[in-house]
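Novice: Attaching a single structure in structure tokens format; questions to follow.
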Amino acid sequence: MISIIKVFLNRFKSLFKKKKDVKLGLYGPPNGGKTTLANRICQDWLGEDMGSVSNVAHETREIQIKEQVHIEKDGKSLSFNLVDTPGIATKIDYEDFLKVGMKEKEAKQRAKEATKGVIDSIKWLDDMDVVIVVLDGTKDAYSQVNITIIGNLQARNIPVLLVANKIDLRKSNMKKIQAAFPQYEVIGISAKYGKNIDAFYDALLNLAA
Amino acid sequence: MLTLQFVPYSEIEDLGPARRVKKLLDIAKENKIVLLEGRLKKEEEADLIAITMEEIDEKFKGIELAVINPQKKDMGFLRSIKAGMISMLLGDRQGFTIIGPATVVKEIKKDPDKIQLYTQENKSKRKKR
Chain A
1 MISIIKVFLN
11 RFKSLFKKKK
21 DVKLGLYGPP
31 NGGKTTLANR
41 ICQDWLGEDM
51 GSVSNVAHET
61 REIQIKEQVH
71 IEKDGKSLSF
81 NLVDTPGIAT
91 KIDYEDFLKV
101 GMKEKEAKQR
111 AKEATKGVID
121 SIKWLDDMDV
131 VIVVLDGTKD
141 AYSQVNITII
151 GNLQARNIPV
161 LLVANKIDLR
171 KSNMKKIQAA
181 FPQYEVIGIS
191 AKYGKNIDAF
201 YDALLNLAA
Chain B
210 MLTLQFVPYS
220 EIEDLGPARR
230 VKKLLDIAKE
240 NKIVLLEGRL
250 KKEEEADLIA
260 ITMEEIDEKF
270 KGIELAVINP
280 QKKDMGFLRS
290 IKAGMISMLL
300 GDRQGFTIIG
310 PATVVKEIKK
320 DPDKIQLYTQ
330 ENKSKRKKR
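Protein chains in written order, with the numbering used here: chain A, 1 to 209; chain B, 210 to 338.
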């Protein structure tokens, strides 16, 4: 009897949840192109950018939120708050930033902010309703960070869409990424140039709308 | 010289999530590579990353992490039932986890049943199975 009541309460809660704002998170390792994809989504549907992008890792060091993004395609629609998160890494060395020409003080500050950003990204996992994991299509997808992120989303029953970004680059290898996560459909895109972005919106609407 | 410290699962079995993570991280902070029998829970892996970030300073740059949990493919029906039973009994004791301090381990590459560990000192390749 108690379990029936619990099921009923959960269904009631999920009905109620649909009315509140859906949080759609962009997760992944640093430099995978999360902010580039966030900018693409915001440009396509709001006509404005979301954040700055850079070739230097850990450009996004704070959680960025763009509220009330509404996408509509082929009769399906989805409204959400887009949450762009700092890249998750297991190591951060300020000396890596010195190598790209930063001064020591600036490099140390960036490293400090980056570590805080990773912690915030992990904390925010519990708040997400849907997550897009943005992987760099040119890199080894079978890294422990990727596996840990996806495993944590799975453990929390959060719907996940895997995106292999940078398919415009010759080094990208969709087959390898799909092979690393055979239980998921992987959408290959170039967030920078908008390549295959329609397929991405279709997959997102199928998953979350 | 590389130091590899083996941690049997029984050493962390009765610890709470925070103490498990701290115990493993403390060993890595001594510049030793942790070879843990079994694996952490997914949430504990995320905690390990978060706590690692809190501990980063000029000496400790973080960790390299890899979990190996071989899954046999194309097993027959009976063998897959047997494997399922073993998995139920052993739980997180299956497989193993490597945690290396980033100052010692440059990169860990893995595929489902092989780990390649690249060290910082000589960038030589060491293989484990």
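Virtual Cβ for every residue (Gly too), placed ideally from N, Cα, C. Note that the coordinates shown come from a computational prediction; the quantities given were computed from them, not determined experimentally.
1. Once you ignore the five residues that flank residue 189/A on each side, which residues in its own chain have a CB closer than 8 Å to its CB?
2. Chain B beta carbons: is any one of them nearer than 7 Å to that of residue 150/A?
3. Would you mind sorting residue 156/A into buried or exposed? The rule is 16 or more other CB atoms within 10 Å of its CB.
4. Is DSSP giving residue 136/A helix, strand or coil here?
5. Could you tell me the distance, in whole angstroms, from the CA atom of residue 237/B to the CA atom of residue 98/A?
6. Give me the chain A residues within the contact set of residue 326/B, using Cβ-Cβ distance strictly less than 7 Å, ordered along the chain.
7. Have a look at residue 126/A and residue 25/A and give me their C-alpha separation to the nearest angstrom.
8. Can you find a C-beta in chain A that's less than 7 Å from the C-beta of residue 265/B?
9. Could you give the DSSP three-state label for residue 196/A: helix, strand or coil?
10. At which residues does the alpha helix (DSSP H) containing residue 144/A begin and terminate?
11. Under 8 Å by Cβ, that's how I've got residue 68/A and residue 77/A pegged, so tell me the actual separation to the nearest angstrom.
12. Just to confirm my understanding: we take residue 57/A, look at its own chain, exclude 5 residues before and 5 after, and list those with CB closer than 6 Å. What are they?
13. Output yes if chain A places a C-beta closer than 7 Å to the C-beta of residue 274/B; else output no.
14. Residue 242/B touches chain A at which residues, Cβ-Cβ below 7 Å?
15. Identify whether residue 84/A lies in helix, strand or coil by the three-state DSSP scheme.
16. For the ligand MG, is there any heavy atom lying closer than 6 Å to the beta carbon of residue 89/A?
17. In angstroms with no decimal places, state the Cα-to-Cα distance between residue 176/A and residue 138/A.
18. Spell out a yes or no on whether the stretch 80 to 90 of chain A and the stretch 38 to 52 of chain A are touching, meaning 3 or more CB-CB pairs, one atom from each, closer than 8 Å.
19. Evaluate contact between the stretch 93 to 107 of chain A and the stretch 129 to 136 of chain A, counting only Cβ atoms and requiring at least three cross-stretch pairs below 8 Å.
20. Indicate whether at least one CB of chain C lies closer than 7 Å to the CB of residue 60/A.
21. Only counting the same chain, and skipping five residues up and downstream in sequence, which positions put a Cβ closer than 6 Å to that of residue 107/A?
22. Starting from residue 161/A, trace the beta strand (DSSP E) both ways and give me its first and last residue.
23. Determine, using beta carbons only, whether residue 28/A and residue 134/A come nearer to each other than 7 Å.
24. Rounded to whole angstroms, what is the Cα-Cα separation between residue 171/A and residue 192/A?
25. Would you tell me roughly how many angstroms separate the C-alpha atoms of residue 253/B and residue 318/B, rounded to the nearest one?
26. Given a limit of 9 Å on CB to CB distance, which residues of the stretch 76 to 94 of chain A reach chain B?
27. The alpha helix (DSSP H) spanning residue 53/A covers which residue range?
Specialist: Taking the coordinates as given:
1. Here residue 189/A is taken as the residue at index 189 of the first sequence, counted from 1. Here the set comprises 37, 163, 164, 165, 167, 195, 196, 197, 199, 200.
2. For the purposes of this step, residue 150/A is taken as the residue at position 150 of the first sequence. Not one chain B Cβ lies under 7 Å of residue 150/A.
3. What you label residue 156/A is simply residue 156 of the first sequence in a count that begins at 1. Of the residues assessed, residue 156/A falls on the exposed side of the cut-off, its CB having fewer than 16 other CB atoms within 10 angstroms.
4. Residue numbering aside, residue 136/A sits at position 136 when the first sequence is read from its first letter. Three-state result, residue 136/A: strand.
5. By one-based count along the second sequence, residue 237/B stands at place 28. By one-based count along the first sequence, residue 98/A stands at place 98. Each residue's Cα considered, the two are about 25 Å apart.
6. Here the question's residue 326/B lines up with position 117 in the second sequence. Here the premise fails: no neighbours, minimum Cβ distance about 13 Å.
7. Here residue 126/A refers to the residue found at position 126 of the first sequence. Here residue 25/A refers to the residue found at position 25 of the first sequence. The straight-line gap separating the alpha-carbon atoms of residue 126/A and residue 25/A is approximately 11 Å.
8. The residue you call residue 265/B lines up with position 56 of the second sequence. Look at residue 265/B: its C-beta is under 7 Å from a C-beta on chain A.
9. By 1-based counting over the first sequence, the position of residue 196/A is 196. DSSP places residue 196/A in coil when its eight states are reduced to three.
10. Along the first sequence, read from residue 1 onward, the residue named residue 144/A stands at position 144. Note, residue 144/A: alpha helix (DSSP H), 144 to 155.
11. Sequence index remark: in the first sequence, residue 68/A carries index 68 (1-based). Sequence index remark: in the first sequence, residue 77/A carries index 77 (1-based). Incorrect: roughly 13 Å between the Cβ atoms, too far for contact.
12. Here residue 57/A is taken as the residue at index 57 of the first sequence, counted from 1. Within the same chain, residue 57/A has close Cβ partners 30, 31.
13. By 1-based counting over the second sequence, the position of residue 274/B is 65. At least one chain A Cβ lies under 7 Å of residue 274/B.
14. As a working note, residue 242/B is residue 33 in the second sequence. None at all; the shortest Cβ gap to chain A is about 14 Å.
15. For the purposes of this step, residue 84/A is identified with residue 84 of the first sequence, where counting begins at 1. Correct three-state label for residue 84/A: strand.
16. Ligands in the displayed structure: none, and consequently the ligand MG is not present.
17. For the purposes of this step, residue 176/A is taken as residue 176 along the first sequence, with counting starting at 1. For the purposes of this step, residue 138/A is taken as residue 138 along the first sequence, with counting starting at 1. Cα-Cα distance, rounded: 10 Å.
18. yes
19. no
20. Considering every chain present, this structure includes no chain C. Its protein chains are A and B.
21. For the purposes of this step, residue 107/A is taken as residue 107 along the first sequence, with counting starting at 1. Counting only Cβ-Cβ distances below 6 Å, and skipping sequence neighbours, we find 94, 97, 98.
22. As a first step, residue 161/A must be located in the first sequence, where it is residue number 161. 160 to 165 is the span of the beta strand (DSSP E), which, as asked, contains residue 161/A.
23. Here residue 28/A is taken as the residue at index 28 of the first sequence, counted from 1. Here residue 134/A is taken as the residue at index 134 of the first sequence, counted from 1. In this structure, residue 28/A sits near residue 134/A, with a CB-CB distance shorter than 7 Å.
24. The residue you call residue 171/A lines up with position 171 of the first sequence. The residue you call residue 192/A lines up with position 192 of the first sequence. About 16 Å.
25. If you number the second sequence from 1, residue 253/B lands on position 44. If you number the second sequence from 1, residue 318/B lands on position 109. In a straight line, the C-alpha of residue 253/B is about 21 Å away from that of residue 318/B.
26. 88, 89, 90, 91, 92, 93, 94
27. What you label residue 53/A is simply residue 53 of the first sequence in a count that begins at 1. Counting along the chain, residue 53/A falls outside any alpha helix (DSSP H), and DSSP gives it neither H nor E.
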